[in-house]
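Participant:
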Amino acid sequence: MRALMSHPVFTVEVYQGAESVLLPCEMPFVTGLATAVWSHYDLNPPTVHQHQQAREEQNRRYSSRTSMKIDALQTGDFSLTLRKPHLSDSGTYTCTIREQERRLTDIQLQVKGQEQTQTPALITGQHVVVFGVHISNFHPCLAHGSSSVLRVITEPQSSQSFRWPRLLILILFSSAW
1 MRALMSHPVF
11 TVEVYQGAES
21 VLLPCEMPFV
31 TGLATAVWSH
41 YDLNPPTVHQ
51 HQQAREEQNR
61 RYSSRTSMKI
71 DALQTGDFSL
81 TLRKPHLSDS
91 GTYTCTIREQ
101 ERRLTDIQLQ
111 VKGQEQTQTP
121 ALITGQHVVV
131 FGVHISNFHP
141 CLAHGSSSVL
151 RVITEPQSSQ
161 SFRWPRLLIL
171 ILFSSAW
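Residue numbers (the UniProt record's numbering): 1 to 177.
(1) Here's the rule: buried if 16 or more other CB atoms are within 10 angstroms of the residue's CB, otherwise exposed. What is residue 39?
(2) Residues in the same chain with beta-carbon distance under 6 Å from residue 87, minus the five sequence neighbours each way, listed in chain order, please.
(3) Could you tell me which uninterrupted alpha helix (DSSP H) segments, each at least 4 residues in length, are contained entirely in the UniProt domain "Ig-like" (8 to 105), listed from first to last along the chain?
(4) What number of angstroms, rounded off, separates the C-alpha of residue 70 from the C-alpha of residue 54?
(5) Quick one: is residue 78 buried, meaning 16 or more other Cβ sit within 10 Å of its Cβ, or exposed?
(6) Counting only the same chain and skipping the five closest in sequence on each side, list residues whose C-beta sits under 7 Å from that of residue 85.
(7) Between the Cα of residue 33 and the Cα atoms of 76, 52, 95, which residue gives the shortest distance?
(8) Going by the CB atoms, is the gap between residue 81 and residue 67 shorter than 7 Å?
(9) Quick check on DSSP: helix, strand or coil for residue 182?
(10) Cα-Cα, which of 91, 90, 114, 49 is closest to residue 97?
(11) How would you label residue 75, buried or exposed, when you count the other beta carbons within 10 angstroms and need 16 or more for buried?
(12) One question on the structure: do residue 25 and residue 92 come within less than 7 Å of each other, judged by their Cβ atoms?
(13) Measuring CB to CB, does residue 30 end up less than 7 Å from residue 99?
(14) Measure from the alpha carbon of residue 9 to the alpha carbon of each residue in 94, 113, 114, then state which is nearest.
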């Protein structure tokens with residue numbers, strides 16, 4: 001017989017390519033016989049990571065990407081660290097302690113695409129050349145006087161992507177190509 005208990009549901013957001021994300025789960029006062037299991041029920045089998053005394057098991061899909069603290073059974077901190085999250089890692093993860101079949105928490109993980117680089121630029125033409133890179137897809141965000149303030153958005157890993165140092169002042173040359 002299982003006792004159904006109310007448990008918190010958290011949402012954790014992270015960008016794809018981040019170093020890691022922590023899925024929190026804590027429960028003090030467990031015995032050394034307990035087993036902590038993280039599950040993702042969209043998987044078959046659903047077990048993502050299992051921690052029991054000195055033994056750890058992982059789903060192949062998460063091989064070398066998940067970990068829990070070695071002293072989790074002593075501290076009651078069963079949080080799961082997921083390294084290098086992928087878009088396909090999004091979904092609901094459940095932390096269960098199999099000493100009392102106690103379901104502790106559900107975590108809704110949302111892995112987002114890489115963050116866009118957004119850099120404001122002041123121009124008057126339709127096209128702009130920045131350090132020899134031609135960019136023509138601008139998204140207007142504000143008009144003031146005779147100048148239009150446009151936001152240049154570069155997609156990471158696209159053919160037009162480049163990084164601008166935060167404190168670098170740029171002179172942009174507009175032209176009517």
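Using N, Cα and C, we set each Cβ at its ideal position, and we do this for glycine too.
Facilitator: In brief:
(1) Within the sequence shown, residue 39 is the residue found at index 39, counting from 1. Label assigned to residue 39: buried.
(2) For the purposes of this step, residue 87 is identified with residue 87 of the sequence shown, where counting begins at 1. Closer than 6 Å at the Cβ level, and outside the excluded window around residue 87, lie 16, 111.
(3) 72 to 75
(4) Indexing the sequence shown from 1 puts residue 70 at position 70. Indexing the sequence shown from 1 puts residue 54 at position 54. Between residue 70 and residue 54, the C-alpha separation is close to 8 Å.
(5) Position 78 of the sequence shown holds residue 78. By the neighbour-count rule (16 or more Cβ atoms within 10 Å), residue 78 is buried.
(6) Here residue 85 refers to the residue found at position 85 of the sequence shown. Excluding positions up to five away in sequence, the list reads 14, 16, 18, 21, 111.
(7) To locate residue 33, count along the sequence shown from 1; it is residue 33. The candidate whose alpha carbon is nearest that of residue 33 is 52.
(8) Taking the first residue of the sequence shown as position 1, residue 67 is located at position 67. Taking the first residue of the sequence shown as position 1, residue 81 is located at position 81. Going by C-beta atoms, residue 67 is nearer than 7 Å to residue 81.
(9) Residue 182 is absent from the structure shown; the chain starts at 1 and stops at 177.
(10) For the purposes of this step, residue 97 is taken as the residue at position 97 of the sequence shown. Nearest option by C-alpha distance: 49.
(11) Here the question's residue 75 lines up with position 75 in the sequence shown. Exposed, by the Cβ-count rule.
(12) For the purposes of this step, residue 25 is taken as the residue at position 25 of the sequence shown. For the purposes of this step, residue 92 is taken as the residue at position 92 of the sequence shown. For residue 25 and residue 92, no; Cβs fall outside 7 Å.
(13) Taking the sequence shown and counting its residues from 1, the one referred to as residue 30 is at position 30. Taking the sequence shown and counting its residues from 1, the one referred to as residue 99 is at position 99. In contact: residue 30 and residue 99 (Cβ atoms closer than 7 Å).
(14) Numbered from 1 along the sequence shown, position 9 holds the residue referred to as residue 9. When only C-alpha atoms are compared, the closest one is 94.
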